[in-house]
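A.B. asks: Input: one structure, supplied below.
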Amino acid sequence: MAFHPGKFVQEVKTELHKATWPWDPREKGVKRYKELIDSTIVVLIAMTLLGGFVAVWDLVFMNLMDLINGL
């Protein structure tokens, strides 16, 4: 089975036309990317909260291990 670059590019174009994109092409300016910006903000907030959660539990377990090792 040989690789045909032209066929590959055509298939990629076909698949990209089927995809839905997280912006409205009819809008102008930043409003066009509202869904994309909102989703990015949600991800950044979620990652910050998750990082804080992990940091707090790391601190708890580190202090617990120090307490156990000090006995």
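With our numbering, letter number 32 in the sequence shown gets 995, and the count goes up by one each step, no holes.
The C-beta atom is built at its ideal place from N, Cα and C for all residues, glycine as well.
These figures come from a predicted structure and were not determined experimentally.
1) Going by beta carbon distance, what residues of the same chain come within less than 8 Å of E990, once the five residues before and after it are set aside?
2) By Cβ distance, which residues of its chain are closer than 7 Å to L999, with the 5 residues on each side in sequence left out?
3) Suppose you measure from the CA of E974 to the CA of R995; what does that come to, to the nearest Å?
4) Would you tell me roughly how many angstroms separate the C-alpha atoms of L1007 and T977, rounded to the nearest one?
C.D. replies: From the atom records:
1) K997
2) P985 and W986
3) 27 Å
4) 32 Å
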